[in-house]
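Chemist:
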């Protein structure tokens, strides 16, 4: 279709005497072009003025838009711009529509070539606005008809120039007051710019009337490109079967039933029996049959003044559906306490906590042996150490594995806990968790080495002794004195200084000789428990230190990412209108190491 030029419109106005081109509104305000509300109308040659009477969205829509804005803010550094593009577009369009008139409802009439949409457009306006004819296409650009003033901003948003803006008869139908009707080019036009205009306007208007004819109502281009993707916009969709005057008998009802079947296959709900959904009806724009019913339905639709909000709500639904794969996780996600404990155990194993505990136990036993052993045995051991310096026990805390192997163990532990934390998460958030773990792992081996060195230095210090050690030392000293006393007694008898009597000195010396090893053996048996506990304490301290270091450097960043995912999950649940289903449970992501478990 080609748009009516200004000259042709003027000719038709003068001939028919029925056309209001907007000059009436200007004349009513005076010769200077002032309109009734005192607003300057010079911006629009058709007399329409920009009236910013839009108000803030309220109720659930406001909550969902705020949640969508917060969702984008939280996700901007985790998701690519292309993923968030549609959600950002919805927010932009919501803001743009909010600034414009809320008293008007913009309805577009779209259809295929020859469907009769321009004829229907003229029938609704009750004046020949849009050109009709046999030449295809006959509409080259969108044409608008407004039933009341104040819609200039809306038409500017649709990029409809003033020369293509029309009004019906002065006063028009009161039931259609606030309607802005737009006739679109053919959606199946051979010209790309026509199809682009349809796509652009359909994405911006408050509602769409799809006009189909008995021949093309099942056209795949219509269903696959428009009706199926817009299935969620059923409440703001009218599907009109035109040209029923060409169908004999009850054929129109059969075609209408088949049309409803196709819409059902497209996933578009049909509003029947008071249920919400698309409005489907049959009419003949040429004969006027059914046009009155459509006009009444549009009138009620316009007077409800909820089309814009319903359109935006459907847009938010569509955006949420596209984002579901990057926010929704099936099943449980996050780390449980067992995973955290296993991670700490792997780090402790990597730095040799078990070996350090065994070494500490050996240190305790060695010190006990030195303190409670016989002087002669201690002297012999000292001689062995001085004769073979390398034969001593290994230093406590000495590494049992080379540095490369320990580093590999740490890296493997980090990868394992990152994979466990990322399990079940959507791909972008799983990647964010792994990246957080890798960043936190930088410098972790060095920090663990420092912990091991500090623990080794602490182990080298003289360990605490049990209360009975002084008694054991005194007993060992007494045994030594008995040996010395018995020996001196025996020597004195041999050299004749003392009265001969072999048995007493031998018994005294034998008591010291036998008693010393017995005391040492008793101390060795008694020291097993304290030595084991000392080694276990050393192992526990190193284990806790390694776990704390791993928690601070790896688990806390992971918990931060999981908490961010929990926040966006809750925001997404609000956006999708299912806030209760999206709440997380099973713990919290505390920085101090609390369990993080998000329920999918």
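In my numbering, the protein residues as written are 545 to 1144. Glycine included, every Cβ here is placed at the ideal spot set by N, Cα and C.
Please specify which runs of the alpha helix (DSSP H), each continuous and at least 4 residues long, are wholly inside the stretch 721-804, giving them in chain order.
Modeler: You should have 736-746.
Chemist: From 654, 601, 667, pick the residue whose C-alpha is nearest to that of residue 646; which is it?
Modeler: Mapped onto the chain shown, residue 646 falls at position 102. Ranking 654, 601, 667 by Cα distance to residue 646 puts 601 first.
Chemist: For residue 924, count the other beta carbons within 10 Å of its own beta carbon; 16 or more makes it buried, fewer makes it exposed. Which is it?
Modeler: Position 380 of the chain shown, counting from 1, holds the residue named residue 924. Residue 924 comes out exposed.
Chemist: Among 653, 606, 624, 649, which one has its Cα closest to the Cα of residue 635?
Modeler: Counting from one through the chain shown, the residue named residue 635 turns up at place 91. When each option's Cα is compared against that of residue 635, the closest is 606.
Chemist: Which residues does DSSP list as the beta-bridge partners of residue 655?
Modeler: Reading the chain shown from its first residue, position 111 is the one you call residue 655. Bridge partners of residue 655: 755.
Chemist: When we look at the beta-carbon of residue 619 and count the other beta-carbons within 10 Å, is it buried (16 or more) or exposed?
Modeler: As a first step, residue 619 must be located in the chain shown, where it is residue number 75. Answer is buried; the Cβ neighbour count reaches 16.
Chemist: Is the stretch 1051-1069 touching the stretch 866-886 in the sense that three or more CB pairs, one from each, lie closer than 8 Å?
Modeler: No: the two stretches stay apart, fewer than three of their Cβ pairs being nearer than 8 Å.
Chemist: Excluding the five sequence neighbours on either side, which residues of its own chain have a C-beta within less than 6 Å of the C-beta of residue 779, listed in chain order?
Modeler: Within the chain shown, the letter at position 235 stands for residue 779. Around residue 779: 820, 854.
Chemist: Which residues in the same chain have their Cβ closer than 6 Å to the Cβ of residue 813, if we skip the five residues on either side of it in sequence?
Modeler: Walking along the chain shown from the start, residue 813 turns up at place 269. Once the five neighbours on either side are set aside, the close Cβ partners of residue 813 are 778, 821.
Chemist: Going by beta carbon distance, what residues of the same chain come within less than 7 Å of residue 775, once the five residues before and after it are set aside?
Modeler: Here residue 775 is taken as the residue at index 231 of the chain shown, counted from 1. Taken in chain order, the residues that qualify are 810, 811, 812.
Chemist: I need the DSSP call for residue 1118, collapsed to helix, strand or coil.
Modeler: As a first step, residue 1118 must be located in the chain shown, where it is residue number 574. Reduced to three states, the DSSP call for residue 1118 is helix.
Chemist: Report the rounded CA-to-CA distance for residue 739 versus residue 660, giving the unit in angstroms.
Modeler: Residue numbering aside, residue 739 sits at position 195 when the chain shown is read from its first letter. Residue numbering aside, residue 660 sits at position 116 when the chain shown is read from its first letter. Going from the Cα of residue 739 to the Cα of residue 660 covers about 17 Å.
Chemist: Taking the beta carbon of residue 732 as the centre, do at least 16 other beta carbons fall within 10 Å, making it buried, or is it exposed?
Modeler: Walking along the chain shown from the start, residue 732 turns up at place 188. It counts as buried.
Chemist: Between the alpha carbons of residue 803 and residue 761, how many angstroms are there, rounded?
Modeler: Locating residue 803 in the chain shown gives position 259, where the first residue counts as 1. Locating residue 761 in the chain shown gives position 217, where the first residue counts as 1. Using only the alpha carbons, I get a separation of about 7 Å.
Chemist: According to the neighbour-count rule (16 or more other Cβ atoms, all chains shown, within 10 Å of its Cβ), is residue 795 buried or exposed?
Modeler: What you label residue 795 is simply residue 251 of the chain shown in a count that begins at 1. Its Cβ having fewer than 16 others within 10 Å, residue 795 is exposed.
Chemist: Whole angstroms is fine: what's the gap from residue 582's alpha carbon to residue 696's?
Modeler: For the purposes of this step, residue 582 is taken as the residue at position 38 of the chain shown. For the purposes of this step, residue 696 is taken as the residue at position 152 of the chain shown. In this prediction, residue 582 scores a pLDDT of 34, lower than 50, which makes its location untrustworthy; no coordinate-derived value is stated.
Chemist: Short of 7 Å in beta carbon distance, which residues of its chain neighbour residue 897, apart from the five on each side in sequence? Order them along the chain.
Modeler: Looking up residue 897 in the chain shown gives position 353. Only 1083, 1086, 1087, 1090 meet the Cβ criterion.
Chemist: Would residue 965 and residue 1111 be called neighbours here (beta carbons separated by less than 9 Å)?
Modeler: In the chain shown, residue 965 corresponds to position 421, counting from 1. In the chain shown, residue 1111 corresponds to position 567, counting from 1. Taking 9 Å as the Cβ cut-off, residue 965 and residue 1111 do not qualify as a contacting pair.
Chemist: Taking only three categories from DSSP, how would you classify residue 980?
Modeler: Locating residue 980 in the chain shown gives position 436, where the first residue counts as 1. Helix.
Chemist: Counting along the chain, where does the beta strand (DSSP E) carrying residue 879 start and finish?
Modeler: Counted from its first residue, the chain shown places residue 879 at position 335. Its beta strand (DSSP E) spans residues 876-879.
Chemist: Assuming residue 784 contacts residue 827 under a Cβ cut-off of 8 Å, what Cβ separation, rounded to an integer in Å, is found between them?
Modeler: On the chain shown, residue 784 is found 240 positions in, with the first residue counted as 1. On the chain shown, residue 827 is found 283 positions in, with the first residue counted as 1. Going by Cβ atoms, the distance from residue 784 to residue 827 rounds to 6 Å, so yes, they are a contact pair.
Chemist: Counting only the same chain and skipping the five closest in sequence on each side, list residues whose C-beta sits under 6 Å from that of residue 859.
Modeler: On the chain shown, position 315 is the one that residue 859 refers to. Taken in chain order, the residues that qualify are 634.
Chemist: Alpha carbon to alpha carbon, how far is residue 910 from residue 928? Give it in angstroms, no decimals.
Modeler: Counted from its first residue, the chain shown places residue 928 at position 384. Counted from its first residue, the chain shown places residue 910 at position 366. Approximately 15 Å, taken between the alpha carbons.
Chemist: Give the secondary structure of residue 598 by DSSP, where H, G and I count as helix, E and B as strand, and everything else as coil.
Modeler: In the chain shown, residue 598 corresponds to position 54, counting from 1. Low confidence applies here, because residue 598 scores a pLDDT of 49, under 50, leaving its location unreliable; read the following figure in that light. Residue 598: coil per DSSP, three-state reduction.
Chemist: Does the stretch 950-959 come into contact with the stretch 875-882, if we say contact requires no fewer than three beta-carbon pairs (one atom in each stretch) closer than 8 Å?
Modeler: The answer is no - the stretch 875-882 does not touch the stretch 950-959, with fewer than three Cβ pairs under 8 Å.
Chemist: Out of curiosity, what's the CA-to-CA distance linking residue 593 and residue 665?
Modeler: In the chain shown, the residue the question calls residue 593 occupies position 49. In the chain shown, the residue the question calls residue 665 occupies position 121. No answer about residue 593 holds up, because its pLDDT of 43 lies below 50 and its placement is not dependable.
Chemist: Quick one: Cα of residue 969 to Cα of residue 889, how far?
Modeler: On the chain shown, residue 969 is found 425 positions in, with the first residue counted as 1. On the chain shown, residue 889 is found 345 positions in, with the first residue counted as 1. About 25 Å.
Chemist: In chain order, what residues of the same chain lie with their CB nearer than 8 Å to the CB of residue 722, ignoring the 5 residues before and after it?
Modeler: Within the chain shown, the letter at position 178 stands for residue 722. If we look at residue 722 and ignore the five residues flanking it on each side, its Cβ neighbours are 647, 648, 649, 691, 692, 846, 847, 849.
Chemist: Quick one: what does DSSP say residue 1043 is sitting in, helix, strand or coil?
Modeler: The residue you call residue 1043 lines up with position 499 of the chain shown. Coil.
Chemist: Among 1020, 673, 654, which residue has its Cα nearest to the Cα of residue 752?
Modeler: Looking up residue 752 in the chain shown gives position 208. Nearest option by C-alpha distance: 654.
Chemist: Going by DSSP in three states, residue 671 sits in which element: helix, strand or coil?
Modeler: Position 127 of the chain shown, counting from 1, holds the residue named residue 671. Reduced to three states, the DSSP call for residue 671 is coil.
Chemist: Would DSSP call residue 644 helix, strand or coil?
Modeler: Working through the chain shown from its first residue, we reach residue 644 at position 100. Reduced to three states, the DSSP call for residue 644 is coil.
Chemist: Let's test the definition: count the other Cβ atoms within 10 Å of the Cβ of residue 1097 and tell me whether it reaches 16, buried, or not, exposed.
Modeler: Taking the chain shown and counting its residues from 1, one reaches residue 1097 at position 553. Buried, by the Cβ-count rule.
Chemist: Report yes if the C-beta distance between residue 806 and residue 767 is below 9 Å; otherwise report no.
Modeler: As a first step, residue 806 must be located in the chain shown, where it is residue number 262. As a first step, residue 767 must be located in the chain shown, where it is residue number 223. Yes, they are a contact pair.
Chemist: Could you check which residue in 671, 702, 718 has the C-alpha nearest to that of residue 747?
Modeler: Numbered from 1 along the chain shown, position 203 holds the residue referred to as residue 747. If we check each option's Cα against that of residue 747, 702 comes out closest.
Chemist: Quick one, which of 730, 707, 744 has its alpha-carbon nearest residue 765's?
Modeler: Position 221 of the chain shown holds residue 765. Among 730, 707, 744, the Cα nearest to that of residue 765 is on 730.
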